[in-house]
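J.: Starting off with a structure, shown below.
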Amino acid sequence: MKINKEFILELAEDVMLELTDEEAEEITSFENDILEKFEKVFAINTDNVRESHYPFDYNNTYLREDDEIRTIDREMLLKNAPKHEEGYVVIEKVVK
Numbered sequence: 016m017k018i019n020k021e022f023i024l025e026l027a028e029d030v031m032l033e034l035t036d037e038e039a040e041e042i043t044s045f046e047n048d049i050l051e052k053f054e055k056v057f058a059i060n061t062d063n064v065r066e067s068h069y070p071f072d073y074n075n076t077y078l079r080e081d082d083e084i085r086t087i088d089r090e091m092l093l094k095n096a097p098k099h100e101e102g103y104v105v106i107e108k109v110v111k
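Letter by letter, the sequence shown follows residues 16 to 111 in our numbering.
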């Protein structure tokens with residue numbers, strides 16, 4: 016799979032970035048270099064390799080116990096909210 020400049024410009028528009036053609040070309044080149052490196056990794060034969068989500072046989076036994084936390088009463092929270100509907104605080108949309 017190759018990434019092209021049009022795709023980068025479309026993504027930039029989605030996240031509201033203004034890119035010049037030079038910046039889009041630079042990003043395209045960089046992303047395609049990364050994809051080439053991943054293709055090399057995916058080409059490695061892992062048929063007889065055991066699946067591992069964590070590479071070490073180490074269990075974390077030093078974690079602390081969970082502390083009881085204080086919560087805010089829903090009615091008090093909604094009473095202080097500028098706008099609420101059906102038990103939820105309503106927040107105005109701030110991006111287009």
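Quick reminder that beta carbons are idealized off the backbone N, C-alpha and C, glycines included.
Since this is a predicted model, take the numbers as computed values, not measurements.
What do you reckon, are the CB atoms on residue 104 and residue 96 nearer than 8 Å?
T.: Against a cut-off of 8 Å, the Cβ pair of residue 96 and residue 104 comes out as a contact.
J.: In the DSSP assignment, find the unbroken alpha helix (DSSP H) run with residue 56 in it and report its ends.
T.: That run of the alpha helix (DSSP H) goes 36-57.
J.: If you reduce the DSSP assignment to three classes, tell me which class residue 100 lands in.
T.: Looking at residue 100 - three-state DSSP - the assignment turns out to be strand.
J.: As a quick exercise: from 90, 82, 17, 102, pick the residue whose alpha carbon is nearest that of residue 49.
T.: Comparing Cα positions, the closest option is 17.
J.: Throw me the rounded Cβ distance for the residue 43 and residue 20 pair, which I believe falls under 8 Å.
T.: Between residue 20 and residue 43 the Cβ distance is about 5 Å, and since that is below 8 Å, they are a contact.
J.: What separation, rounded to the nearest whole angstrom, lies between the Cα atoms of residue 32 and residue 59?
T.: Approximately 37 Å, taken between the alpha carbons.
J.: In whole angstroms, what is the alpha-carbon distance linking residue 90 and residue 80?
T.: Spanning the two alpha carbons is a distance of roughly 30 Å.
J.: Quick one: grab the DSSP three-state call for residue 62.
T.: Three-state DSSP puts residue 62 in coil, outside helix and strand.
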